[in-house]
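Chains as they are written, first to last, in our numbering: chain H, 10 to 361; chain A, 384 to 406.
C-beta: ideal position from N, C-alpha, C; glycine also.
Some notes on the structure that comes next.
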């Protein structure tokens, strides 16, 4: 009975930390004690109802938590991994009752689909792809893109799931012949896909035909940029990048995110906005998430910072809680909720 | 930023690049 108790999350006290516009509404405790690596929120159908659930990933176990009343959560499924640890959760939009995970040590070695038996009584996992995988992203229309292989034999593969998460089709995209670091969909353009590469290029594909449309150099000022969001407006491509390697300057502070605009026809680009830390705050981008016009980042200082991309400035700071640095942050799919995680497995849910 | 720095802009860039790129 005591085990069940530890798997139901606490509701925090009212006097919890409330910095800026962030309000703590819920906390999930990790009873396993192993190192926590990622969190995400997704719809899962339970007893005929689609519920907004939370997925937590520790090194060797991924768990699904369903909402109870009054911001409490109950763990209902857990998938266990014996040999290779979990690196990240990969959500596949438009697929219900299926989540993917990337497993590996420093680099991704496997991507697995996690699902349940048709009666909902037992967990299942299916190996989707394995090898030397560099980047992976779930796409709209039940698709998953991954890039991998050796230097001479790299592949960009699209997998399409059936509605029930079952049988799948495979298709290949033309490879840009340089290592792909991250993928990003172009909002509102379901057949366009972007990638950032190790050579500071942004590449763009046509997902329908598999064509590589353009390779666009964005300059050498920021290495290893991660693309978080892209949208097309008035014939131009707007891209939100984060800069793990950016150095701060006295004038501008430390740029954590940047908005650039690219003309895909000419491949010319210019910077539109730098999203810097407020004065007096130190740290570089460690990891983060962008949803709509809000960007959240965990900094090397252990603090989480939030920017309103339209206003152009940092709107909230969340310092470490209980002497524990933050290690990852995700926006939840509903409302403006922020899921903030610590290495020891505690997940805090904030209303923004 | 100045739009002129980006060269001629096309609203149908995706279709145009798709017709120009190798299959």
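Compare the C-beta of residue i against all C-beta atoms of chain H and say whether one is closer than 8 angstroms.
i: residue 410 of chain A; result: Nothing can be reported for residue 410 of chain A, as the shown portion of chain A is limited to 384 through 406.
i: residue 406 of chain A; result: yes
Can you find the residues in the same chain that come closer than 8 angstroms, C-beta to C-beta, to residue i, ignoring five residues on each side of it along the sequence?
i: residue 138 of chain H; result: 119, 120, 155, 157, 166, 168
i: residue 392 of chain A; result: 386
Using a C-beta cutoff of 8 angstroms, does residue i count as contacting chain A?
i: residue 329 of chain H; result: no
i: residue 273 of chain H; result: yes
i: residue 205 of chain H; result: no
i: residue 218 of chain H; result: yes
i: residue 305 of chain H; result: no
i: residue 215 of chain H; result: yes
i: residue 279 of chain H; result: yes
i: residue 171 of chain H; result: no
i: residue 168 of chain H; result: no
i: residue 193 of chain H; result: no
i: residue 198 of chain H; result: yes
i: residue 50 of chain H; result: no
i: residue 201 of chain H; result: yes
Under 6 angstroms Cβ to Cβ from residue i, same chain only, skipping five residues before and after it: list those, please.
i: residue 238 of chain H; result: 249, 299
i: residue 48 of chain H; result: 65, 339, 348, 350, 356
i: residue 328 of chain H; result: 312
Taking only three categories from DSSP, how would you classify residue i?
i: residue 386 of chain A; result: helix
i: residue 90 of chain H; result: coil
i: residue 27 of chain H; result: Its pLDDT being 42, under 50, residue 27 of chain H is placed unreliably in this model, and the value from its coordinates should be taken loosely. It is coil, neither helix nor strand.
i: residue 394 of chain A; result: coil
i: residue 116 of chain H; result: coil
i: residue 400 of chain A; result: helix
i: residue 350 of chain H; result: strand
i: residue 68 of chain H; result: coil
i: residue 210 of chain H; result: strand
i: residue 252 of chain H; result: coil
i: residue 111 of chain H; result: strand
i: residue 321 of chain H; result: coil
i: residue 62 of chain H; result: strand
i: residue 205 of chain H; result: strand
i: residue 76 of chain H; result: strand
i: residue 100 of chain H; result: coil
Taking CB distances under 8 angstroms as the criterion, tell me whether residue i reaches chain C.
i: residue 81 of chain H; result: Looking at the structure shown, chain C is missing, and the protein chains on hand are H and A.
Residues, ordered as in the chain, of the stretch 220 to 248 of chain H that lie near chain A by beta-carbon distance below 9 angstroms: Those residues of the stretch 220 to 248 of chain H that come within reach of chain A (Cβ to Cβ, closer than 9 angstroms) are 220, 221, 222, 223, 241, 243, 244, 245, 246.
Those runs of the beta strand (DSSP E) which lie wholly inside the stretch 119 to 191 of chain H and span at least 3 residues: 132 to 148, 152 to 159, 162 to 170, 177 to 182
Complete beta strand (DSSP E) runs within the stretch 279 to 342 of chain H (minimum length 3 residues, chain order): 294 to 300, 303 to 308, 313 to 317, 322 to 327, 335 to 340
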